[in-house]
Each structure stands twice: as C-alpha cells, then as structure tokens.
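Under my numbering, the sequence shown has 441 at position 355, and the numbering climbs by one with no breaks. Don't be surprised by glycine CBs; every beta carbon is placed ideally from N, CA and C. Heads up: the structure comes next, in structure tokens.
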Amino acid sequence: MGNPHTAPGITRHFPHLAAGLIAVLVGYTSSAAIVFQAAHAAGATPSQLASWLWALGLGMSLTSIALSLRYRAPILTAWSTPGAALLATGLVGVPMSEAIGAFLFASTLMAVLGFSGAFERIMRHVPPSIAAAMLAGVLLRFGLGAFAQLGQDLALVGTMILVFFAARRWSPRYAVPLAFLAGLVVAAANGGIAAAEIRWQLSGPEFVMPSFSPATLLGIGLPLFIVTLASQNVPGLAVLRANGYATPGSPLLGWTGITGVVLAPFGGFSFNLAAITAAICMSPDADPNPARRYLASIWAGGFYLLTGIGGATVASLLSAFPQTLVAAIAGLALMGTIAASLSAALADESGRDAAVVTFLVTASGLTLFGIGSAFWGLVFGYAVSHALRRPQRLAA
C-alpha cells in the first residue's frame with residue numbers, strides 16, 4: 087500500500103508551487119525583454135547575455151530562499167526593472183568593464199544603506215494605510231488587464247475567468263492554478279502556444295573584470311542605485327508591511343546589496359525586494375495562513391534557479407505563451423491582494439484622504455526624474471497625511 091500522507095502532502099503544497107511559478111512567470115514575461123536590451127546596449131556577446139541571465143537567476147534564487155527561511159515571511163527578490171530600463175539607454179557606448187564597475191558601485195551603496203539601518207528608520211514613518219494604498223495602486227493595472235484581455239481573446243480569457251470564479255466557489259486554494267491550467271489547455275487547443283520558438287540551451291557564468299570611471303559611476307551607477315531604491319525597494323518593503331509582515335527592512339537591503347556585489351562581475355546588475363510578484367506569493371490564494379506563505383517564495387526561488395541555469399530556454403518558453411494568457415493569470419492571481427489592500431487602505435477614516443491620493447498617484451503611472459509612480463504615491467500620500475494632521479496637533 088502507498089503512503090496515505092503522500093497525496094495530501096502534494097496537494098497541500100500545490101498552491102505554494104503554483105503561486106511561486108506564476109510569480110516567476112509574471113516577472114520574466116513582464117521585463118525580461120528589457121534586460122536583454124540592457125545587455126545588448128552594453129555590447130554583450132551571446133555568452134555574456136547568458137551569463138547575465140545565469141547571475142540574475144542565481145542571485146534571485148539564493149536571496150529569495152535564504153531570506154524567506156530566515157524570517158519565515160514571503161520575501162521575494164527580483165532584478166530592478168526600472169534599473170534595466172535605465173541601463174538599456176545609459177549603457178550605449180559604455181565598455182562592458184565600466185558597466186560592471188557601475189553595477190558594483192550601486193550594489194555597494196545598497197548594502198551600506200541596508201546594514202547601516204538608515205532604510206528601516208525611513209520606512210517607519212510610512213503609515214500602514216498609505217503603504218496598502220500604494221500596493222493597490224501598483225496592482226490595479228494588472229487587475230484591469232485581466233479583464234481587458236477579453237477583447238483580445240474571448241475564448242481563452244473567458245474560460246480562465248469562469249474557471250477561476252468557479253474554483254473560488256468550490257475550492258478557493260486552487261483557483262489560480264486551475265485557471266492557469268485551463269488557459270494552457272485552451273491555448274494549446276487553439277494553436278496559441280508557439281512550440282517552434284522553444285530552444286533548449288543552458289546558461290553559465292562569464293567573469294568580466296570591472297573598471298571604474300567617475301563619469302560612469304556618477305552617470306549610471308548612482309542613478310541605478312537611486313532608481314532601484316525608490317522604485318523597487320521602497321514599494322517592496324511597503325508590500326510586506328501592507329500584508330502584515332514586520333520583517334526588518336534594513337537586513338533585506340543589506341543582503342541583496344551584498345549579493346549584487348558578488349554577482350555583478352557576471353552580469354548581476356541589481357537585486358532588490360520584489361513588489362508585484364511578491365504580492366502573488368502573499369496572496370490568500372497561496373495559503374490562507376499568512377505564516378505559511380513563505381513557502382510560495384521558496385518555490386519561486388527554486389524556479390528562479392532553473393531560469394538561471396536555463397536562461398535562454400526559459401526566455402524562449404515564455405515567448406511561446408500567448409501574452410493574453412500571461413496578462414490574464416497575473417490579474418487573477420492578484421485579485422485577492424488588491425481587495426485586501428483596498429480594504430486596509432480605507433479602513434481608517436482619518437487617513438482615507440491620504441490613502442486615496444496615494445492610490446490615485448500610484449495608479450496614474452506618473453514618472454518624475456526617472457522615478458516611478460509607486461515612490462511618488464508614497465511621497466504625495468505622506469504629504470497629505472502630514473498636512474491634514476498638523477491642525478489637530480496645534481489645536482491640542
């Protein structure tokens with residue numbers, strides 16, 4: 087007779103596995119092309135591009151698994167998408183060795199900021215309702231995107247939505263993976279999966295000796311640090327706080343910075359806290375028990391490792407999936423987190439105006455000085471909160 091605990095054990099962890107897989111899927115499909123552009127801008131050879139993917143996958147895997155185990159929280163890391171966009175334009179004409187030097191400089195600054203404790207002191211001043219509103223604003227476009235895709239492929243996306251809500255009624259824990267599987271079945275039946283695009287190829291490390299130019303450090307390294315901090319790490323910690331995790335932020339920045347220092351010579355240009363993909367791992371669909379959702383991030387770390395080893399293969403696999411499927415599953419996977427964030431943001435009536443401003447600014451997509459709307463949502467929301475509370479203090 088078989089082990090009676092085997093099947094329950096597998097099904098028990100399947101939502102964690104599914105959440106981790108979807109988080110990695112969403113992360114790669116949404117920004118891998120930008121990383122490719124950044125590498126090409128630096129003049130990377132095919133082997134160096136493979137090394138970049140290897141370093142990024144390895145770094146995200148190690149930090150996600152180690153930090154999630156250490157703090158028993160769903161801590162997911164990622165590369166800096168705004169940083170990659172910056173590099174895609176800023177590295178044109180810059181020698182690869184100087185680019186690596188800029189990566190080292192930015193990661194060193196991040197490690198110093200983290201281990202000094204300064205980042206944690208800054209984040210203590212962000213009210214929880216504003217953090218929750220920022221998260222809801224970041225995720226809004228993904229939720230809207232799931233339904234907007236109905237106009238692109240009614241059969242595929244309609245089936246996914248129907249399966250999702252049917253599963254939410256009868257088996258909520260499996261709603262997201264079942265919707266994803268339904269989408270794959272429909273896409274395959276309609277010939278929507280471009281199997282011919284899939285190439286089997288492994289990635290490996292290629293060391294590049296860094297060199298340092300003041301112009302490159304100040305023109306690329308410093309902006310990379312600022313953009314990653316403001317557009318990635320601040321929202322990333324806010325997502326943790328909005329979901330009720332009191333994990334100290336400074337060590338997280340410190341260790342992701344150190345990881346960047348170690349892997350920069352191989353193309354690991356930046357590592358930071360994830361926000362959008364982390365929210366998938368923090369969703370009730372990953373596990374109804376918040377204390378067990380860290381397992382989803384550990385699964386994501388395992389998939390990150392696979393993407394690093396087989397970077398070129400993963401890139402081709404993701405490009406083979408219909409974009410409507412990826413957009414739809416991202417929105418459906420984040421619905422629970424969007425609802426919880428809106429509820430937390432608006433729960434305190436005294437802070438509701440500030441929360442609404444934060445939500446609207448973040449959802450607007452505003453970009454100022456190269457910094458994205460998530461950061462400015464926090465800034466505007468905090469300013470409104472501070473302005474509205476000041477008269478009360480004076481009256482007291």
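- Annotated as proximal: Ser336 and Gly203, with beta-carbon spacing under 8 Å.
- Under the three-pair Cβ rule at 8 Å, the region 421 to 439 does not count as touching the region 186 to 205.
- Looking at the DSSP output, Thr163 bridges to Leu359.
- Here Leu454 carries a strand assignment [DSSP, helix/strand/coil].
- Where Trp286 is concerned, there is no enclosing alpha helix (DSSP H), because DSSP gives it neither an H nor an E.
- Taking 8 Å as the cut-off, the beta carbon of Val313 is found no closer than this to the beta carbon of Ser183.
- Look at Glu292 here: in three-state DSSP terms it is coil, with no helix or strand label.
- In the three-state scheme derived from DSSP, where H, G and I count as helix and E and B as strand, Gln409 is classed as helix.
- Annotated three-state conformation of Gln238 is coil, per DSSP.
- A residue is called buried when at least 16 other Cβ atoms come within 10 angstroms of its Cβ; Gly277 does not meet this threshold and is exposed.
- Residue environment analysis places Gly237 among the exposed positions, since fewer than 16 neighbouring C-beta atoms fall within 10 angstroms of its C-beta.
- Ranking Phe445, Ala440, Ala460 and Gly463 by CA distance to the CA of Leu474 puts Ala440 first.
- The beta carbons of Gly417 and Gly229 sit about 5 Å from each other, so the pair counts as a contact at 8 Å.
- The region 356 to 372 makes contact with the region 313 to 323; the number of CB pairs closer than 8 Å reaches 3 or more.
- Considering only Leu264, Ala265, Ala128 and Gly145, the residue with the shortest C-alpha distance to Ala185 is Ala128.
- The criterion of a C-beta distance shorter than 8 Å is not satisfied by Met220 and Ala382.
- DSSP, reduced to helix, strand and coil, places Ser427 within a helical segment of the structure shown.
- Positions of the beta strand (DSSP E) runs, each at least 3 residues long and wholly inside the region 138 to 162, cannot be given because no such run exists.
- Selection Arg255, Ile284 and Leu242 evaluated against Ala268 yields Leu242 as nearest (Cα-Cα).
- Ranking Leu162, Gly387, Ala273 and Phe298 by CA distance to the CA of Leu326 puts Leu162 first.
- In this structure, Ala164 places its C-beta atom within 8 Å of the C-beta atom of Thr363.
- In this structure, Ile306 is the residue among Arg285, Ser450, Tyr114 and Ile306 with its C-alpha nearest to the C-alpha of Gly179.
- Contact annotation, Phe189 with Phe311: C-beta distance approximately 10 Å; criterion of less than 8 Å not satisfied.
- Burial of Leu225 is indicated by the presence of at least 16 other C-beta atoms within 10 angstroms of its C-beta.
- About 6 Å separates the beta carbons of Ala406 and Ala281, which is inside the 8 Å limit, making them a contact pair.
- A distance below 8 Å separates the beta carbons of Asp371 and Ala419.
- Per DSSP, Met196 is one residue of the alpha helix (DSSP H) stretching across Met182 to Ser202.
- Of Arg378, Tyr331, Gly396 and Pro291, the smallest CA-CA separation from Ala350 is found for Pro291.
- For Leu338, the uninterrupted alpha helix (DSSP H) run begins and ends at Gly335 to Leu349, by DSSP.
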